[in-house]
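If you read the sequence shown in the working numbering, its first letter stands for residue 466, the second for the next number, and so on.
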Amino acid sequence: MAVSPSSIATDHKKHWWVTNRKLVDKYVKDARSLIATRERNDVASALVLLDAALALSPRSELALELKARSLLYLRRFRDVADMLQDYIPSLKMSSNDSSGSVSSDISSQQLSREQVKLLHSDNSSSGSPGHDPSFKCFSISDLKKKVMAGLCKNYDKEGQWRYLVLGQACCHLGLMEEAMVLLQTGKRLASAAFRRESICWSDDNFTLPVIITTPDISSAATPPCNVSSLSQSENISHLLSHIKLLIRRKTAAIAASDAGLYSEAVRHFSKIVDGRRLASQGFLAECYMHRASAYKASGRIAESISDCNKTLALDPTSIQALETRAELLETIRCLPDCLHDLEHLKLLYNSIMRDRKLPGPPWKRHNVRYREIPGKLCALTAKIQRLKQRVASGETGNVDYYALIGLKRGCSRSELERAHLLLCLRHKPDKATGFVDRCELADERDLDSVKDRAKMSALLLYRLLQKGYSSVMSAIVDEEAAEKQRKKVAAATAALQAAIQVQQTQCCNSKLEPETGFNDRVNSGENKGATNAFQGVFCRDLAAVGSLLSQVGFNRPIQVKYEALSC
466 MAVSPSSIAT DHKKHWWVTN RKLVDKYVKD ARSLIATRER NDVASALVLL DAALALSPRS
526 ELALELKARS LLYLRRFRDV ADMLQDYIPS LKMSSNDSSG SVSSDISSQQ LSREQVKLLH
586 SDNSSSGSPG HDPSFKCFSI SDLKKKVMAG LCKNYDKEGQ WRYLVLGQAC CHLGLMEEAM
646 VLLQTGKRLA SAAFRRESIC WSDDNFTLPV IITTPDISSA ATPPCNVSSL SQSENISHLL
706 SHIKLLIRRK TAAIAASDAG LYSEAVRHFS KIVDGRRLAS QGFLAECYMH RASAYKASGR
766 IAESISDCNK TLALDPTSIQ ALETRAELLE TIRCLPDCLH DLEHLKLLYN SIMRDRKLPG
826 PPWKRHNVRY REIPGKLCAL TAKIQRLKQR VASGETGNVD YYALIGLKRG CSRSELERAH
886 LLLCLRHKPD KATGFVDRCE LADERDLDSV KDRAKMSALL LYRLLQKGYS SVMSAIVDEE
946 AAEKQRKKVA AATAALQAAI QVQQTQCCNS KLEPETGFND RVNSGENKGA TNAFQGVFCR
1006 DLAAVGSLLS QVGFNRPIQV KYEALSC
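Listed below in structure tokens is the structure:
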């Protein structure tokens, strides 16, 4: 009997599909065994096997879930976001502004939905001899259980794990609002799936869900292990509560800043960035940028520049941080550093125009839109030309260090020393990398580069503060010397006036001497007669005392001062 070519091709195609299916199952099984060892090297090897499995079967749900959870365990949060970016809520809005955002093949394939299989197909029974495909009698309750079981199975196949895994990845990437929405959606869908699954259970075998089909390696801080869905739900609940706390503090800080309460806004943002629990790199950069704006509005220029430096250390492509720091440097008339930031910003704008998209992945949040870049680039070019003309005219040495330190002109030496001490303690280069220890980096390989950028920018700010301290101190010393000179001149003037007044008094007395000469001679004669009278009385009394002593027989010698016997 001749075999048609079509049947041969069909058998070959079926054999190819079965072979691939077996290979995919083998790869997935080996990957799960490697993941169960809880070693990072083994998890990385499992990723290679999962990539091979997805190359053969791109829509394998189990392979996709294992890959996503493995990437999350290896702290490759950006890869998780790129893999599942079609599920990020704000991606569609951002993709309208950035023309270059392109969805990945895997995530776009995941958007295609399969139809729900209501009745479970038993392959073993269908392949057995004597299987009767005819329709048989069935119970309504059994049909209901099978329908709900099919719905639940398809729901698990589509996977609420996407929302949970992607929500945790977004939390580590700083997309707190998206993480909250995704985790809440995942919890709601998981509870709905549990309710649907509980309907198809009979009263005899109704128990709590035991174990997820894949090892839970969603937590980046702990090694993968088999845990119950209840413990995973508790972890998600704790993470959600922490995310809500951060969002509440950020919202309160922004509201205070909009109301003009900048010190209150700084206090709220400081609670976030100085918290005991680690925060994600993107979220910390955003909070530092908001606090820099609050510092700028309150007139604290040094603190605002420091927060801009931290923002740029965490995110070198932050357009808002470059613009704010350039404006602050222009405010204090530090034109060379301002030109350096504007040139950097111009290069960033040119790269955006060349690539036709904003820097970073499509899910990254920006404060500008792509269509605004051409206008900003033209205005920036004109501003750079104006600043270059000012530098050429010699305005580089007229820096307002008083505004940088936060003092008024005419301040005292003690005020300057106190302000300088506080600024040095806050912005010392040795302590410039302390904020990195409270930051959870999206990629651990960026740690050295982040610290280098933070230390370099802090060193430049510290040198500027030291130069400002020297300049202001020299001005204060000059003012003190001038004040001493003014006091000396005032004292000399007062002494000269006193001497002139004494001389005038002496001149007046010399004019009155001829009139008083006769009176002086008369007074001298009277005084001489009175002196002789007193001397006579003294001699008479002394003779009387001597006669009395001789009468009583007092023969002892009496010491007498001869000066008294001048009479």
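Glycine included, C-beta positions come from ideal geometry on N, C-alpha and C.
The structure presented is a predicted model; accordingly, all values stated were derived computationally and were not measured.
Distances from the alpha-carbon of R918 to those of A947, C972, K873, T776 put T776 closest. Here the stretch 490-498 lies against the stretch 527-534, with 3 or more beta-carbon pairs under 8 angstroms apart. Fewer than three Cβ pairs drawn from the stretch 650-659 and the stretch 831-846 lie within less than 8 angstroms of each other, which leaves the two stretches out of contact. In the DSSP assignment, F542 falls within the unbroken alpha helix (DSSP H) covering 542-548.
Rounded to whole angstroms, the Cβ separation of P824 and R543 is 14 angstroms, and the two are not in contact under 8 angstroms. Ranking N774, L705, V856 by CA distance to the CA of P801 puts V856 first. For the pair K487 and S522, the Cα-to-Cα distance works out to about 11 angstroms.
In this structure the stretch 537-553 touches the stretch 623-636; the number of beta carbon pairs closer than 8 angstroms is three or more.
The beta carbon of L804 lies closer than 6 angstroms to those of L852 in the same chain, with the five residues before and after it left out.
For a cut-off of 8 angstroms, the C-beta gap from M645 to K709 is around 7 angstroms, short enough to register as a contact. A919 carries a helical assignment under DSSP once its states are collapsed to helix, strand and coil.
Taking a contact to require three or more Cβ pairs closer than 8 angstroms, the stretch 722-736 and the stretch 755-773 qualify as touching.
Its Cα nearest to that of I870, the residue V937 stands out among V937, I849, E642, A960.
Rounded to whole angstroms, the Cβ separation of H637 and E905 is 6 angstroms, and the two are in contact under 8 angstroms. Looking from the CA of S816, the closest CA among T782, T796, D806 belongs to T782. The beta carbon of G747 sits closer than 6 angstroms to the beta carbons of L638, G639 from its chain, once the five residues preceding and following it are set aside; these are given in chain order.
The alpha-carbon separation between K822 and R834 amounts to approximately 9 angstroms. Membership of T846 in the alpha helix (DSSP H) is indicated by the continuous run 838-857. Given a length threshold of 3 residues, the stretch 747-822 has no whole run of the beta strand (DSSP E) inside it. In this structure, V489 lies away from A511, with their beta-carbon atoms at least 7 angstroms apart. Assignment of A744 by DSSP, reduced to helix, strand and coil, places it in the strand class. Minimum Cα-Cα distance from R798 among the listed residues A956, N863, G875, Q649 corresponds to N863.
Annotation for A721: E729, A730, H733 place their beta carbon closer than 7 angstroms to its own, counting only its chain and skipping 5 residues before and after. For Y727, the uninterrupted alpha helix (DSSP H) segment begins and ends at 727-738.
CA-to-CA, the gap between A786 and L810 works out to about 10 angstroms. DSSP places E905 in the strand class (E or B) of the three-state scheme. Residue range 626-638 is occupied by the alpha helix (DSSP H) that includes W626.
Shown here for L539: same chain residues with a beta carbon closer than 7 angstroms to its own, the five before and five after excluded, namely R505, V508, A509 in chain order. By the C-beta density criterion, D780 is buried, having at least 16 other C-beta atoms within 10 angstroms. Between L888 and A767, the beta carbon gap of about 6 angstroms places them in contact (Cβ cut-off 8 angstroms). H707 sits in a helix when the DSSP states are folded into three classes. For K532, the enclosing alpha helix (DSSP H) covers residues 526-538. The C-alpha of S935 is placed about 21 angstroms away from the C-alpha of E795. Per the coordinates, the alpha-carbon of I849 lies some 11 angstroms from the alpha-carbon of A791.
Residues M938, I941, E945 of the same chain have their beta carbon placed closer than 8 angstroms to that of R878, with the five preceding and five following residues left out of the count.
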